[in-house]
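Mapping to the UniProt record's numbering: the sequence shown position 41 is 41, numbers consecutive. Contents: one structure, followed by commentary.
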Amino acid sequence: MTRRAFTLMEVLAALTVTILLAAGSLVVGRQVLAHQQEEVFLRAVAVNWTTLRRRVEETGQAGKLTVTADALSYTLADVPFAYLRVPASMTLTDGLGVITYSSAGAFSDVTAIKLTRGNGRLVTLSFQMQWGLFRQKEEASK
């Protein structure tokens, strides 16, 4: 006897495997997208901070980085020039307030921002005294 078609069990088994693979790839895909959004955000924080420092040094006016629970806002002489929304996968754990940088290199209020990534890792963004340099440190959650 020759066989011309698949049995119902074979079709259901193949369909089940396909559905499981698709579901797994959706979970991994969402994690990859969240991580990519976090990386883009962290790079943008560094680039905008460098831009703020350069503009402060060029103009002699004070620059501010305002940190709220959902966004970071950069201003120079009370004129905003950048606004970054914190990605949904990240939460701000410490550092709410205003970081003021002047041409003399002085800071006021907050000098570090702590964020928790979607995977639980803690990211500390610190702004070094006097030089205004930006540093990022990542560590496992406790």
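Built from N, CA and C at the ideal position, the CB exists for glycine as well.
In the structure shown, the three-state DSSP call for Leu133 is coil. Residue pairing by DSSP places Gly97 opposite Val67 in a beta bridge. Following the DSSP letters along the chain, one finds Val45 inside the alpha helix (DSSP H) bounded by residues 8-59.
Of the candidates Ala23, Glu38, Leu15, the residue whose Cα lies closest to the Cα of Arg121 is Glu38.
Take the alpha-carbon of Thr93 and the one of Thr116: they are about 7 angstroms apart.
Contact check between the region 11-21 and the region 45-56: fewer than three CB pairs, one atom from each, fall below 8 angstroms, which does not count as touching. Between Thr75 and the set Gly24, Arg43, Thr100, Ala22, the nearest pair of CA atoms involves Thr100.
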